[in-house]
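**Student:** One rule links them: number in my numbering = place in the sequence shown (from 1) + 349.
Ideal placement from N, C-alpha and C gives every residue a C-beta, glycine not left out.
Just so it is clear, the structure is predicted and the values come from calculations on it, not from any experiment.
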Amino acid sequence: MPNVKVFIDDRSLPEVEGRIDAILTDIRAFLCGAFGVTEPACHLVVIPVRALAGQTPVNIELVALHRPDRPRARVDAVCAELQLLAGRLFGMATAIRCTLMDPESYVTRK
C-alpha cells in the first residue's frame with residue numbers, strides 16, 4: 350500500500366498519453382520514498398473519465414494504511430508534495446484526495 354487511482358479527463362489524456370508510464374514510475378518512486386515502502390507495495394492505475402468543464406483535469410485518489418509513523422500532518426505534507434510533483438509531470442492542475450485505512454480492517458488478496 351499505497352494504492353493510487355489517477356483520474357484524468359479524457360480530453361486531456363492525449364496531451365500526456367505517451368508519457369503515462371514515465372509519470373506513474375516517477376509518482377511510484379516518490380511514494381515509495383515518502384511512505385517507506387517497496388515498489389511491489391504500490392499499485393497505480395490511470396482511469397480516463399469525462400469531467401465537467403472547469404473541474405480539475407487530473408484527480409489522484411491515494412489510499413494508504415494508517416501507521417504511527419504516518420500522522421495526519423505527515424500525510425498532508427506528502428499529499429502537498431505529490432500535488433506539486435503530479436502537476437509538474439502532467440503539466441496541468443491536479444487535485445489530491447487521500448484516505449488512511451485502519452490496518453485492522455484492511456484485507457487484501459493478491
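With a CB to CB cut of under 7 Å and the five nearest residues on each side skipped, what residues in its chain are close to Pro406?
**Tutor:** Residue 406 sits at position 57 when you count from the first residue of the sequence shown. Around Pro406: Ile357, Asp358, Ser361, Ala400, Met441 and Ala442.
**Student:** Does the region 381-400 come within contact of the region 445-454, defined as at least 3 CB pairs closer than 8 Å?
**Tutor:** no
**Student:** Throw me the rounded Cβ distance for the Ile376 and Ala435 pair, which I believe falls under 8 Å.
**Tutor:** Within the sequence shown, numbered from 1, the residue matching residue 376 stands at position 27. Within the sequence shown, numbered from 1, the residue matching residue 435 stands at position 86. That belief holds up - the Cβ atoms of Ile376 and Ala435 are roughly 6 Å apart, short of 8 Å.
**Student:** Rounding to the nearest angstrom, what Cα-Cα distance links Ile372 and Gln404 in this structure?
**Tutor:** Against the sequence shown, residue 372 aligns to sequence position 23. Against the sequence shown, residue 404 aligns to sequence position 55. Answer to the nearest angstrom: the Cα atoms are 21 Å apart.
**Student:** Of the residues Val398, Arg446, Leu414 and Ser454, which one's Cα is nearest the Cα of Asp425?
**Tutor:** On the sequence shown, position 76 is the one that residue 425 refers to. That would be Arg446, whose Cα lies nearest to the Cα of Asp425.
**Student:** Nearest to Arg423 by alpha carbon, out of Arg458, His392 and Leu380?
**Tutor:** Position 74 of the sequence shown, counting from 1, holds the residue named residue 423. Checked all of Arg458, His392 and Leu380; the closest Cα to Arg423 is Leu380.
**Student:** With 16 other CB atoms within 10 Å as the buried threshold, where does Pro351 fall?
**Tutor:** In the sequence shown, residue 351 corresponds to position 2, counting from 1. Its Cβ being crowded by 16 or more others within 10 Å, Pro351 is buried.
**Student:** So, under 8 Å CB-CB, Val427 and Cys391 are touching, yes? Tell me the CB distance rounded to an integer number of Å.
**Tutor:** Position 78 of the sequence shown, counted from the start, is the residue given in the question as residue 427. Position 42 of the sequence shown, counted from the start, is the residue given in the question as residue 391. Their Cβ separation, rounded to whole angstroms, is 13 Å, which puts Val427 and Cys391 out of contact at 8 Å.
**Student:** Enumerate in chain order the residues of its own chain whose CB-to-CB distance from Ile369 is below 7 Å, with the five nearest sequence positions on each side excluded.
**Tutor:** For the purposes of this step, residue 369 is taken as the residue at position 20 of the sequence shown. If we look at Ile369 and ignore the five residues flanking it on each side, its Cβ neighbours are Val395.
**Student:** Looking only at C-alpha atoms, which of Asp418, Ala383 and Glu410 sits nearest to Leu393?
**Tutor:** One-based indexing of the sequence shown puts residue 393 at position 44. Of the listed residues, the one whose Cα sits closest to Leu393 is Glu410.
**Student:** What number of angstroms, rounded off, separates the C-alpha of Val398 from the C-alpha of Arg419?
**Tutor:** For the purposes of this step, residue 398 is taken as residue 49 along the sequence shown, with counting starting at 1. For the purposes of this step, residue 419 is taken as residue 70 along the sequence shown, with counting starting at 1. Going from the Cα of Val398 to the Cα of Arg419 covers about 31 Å.
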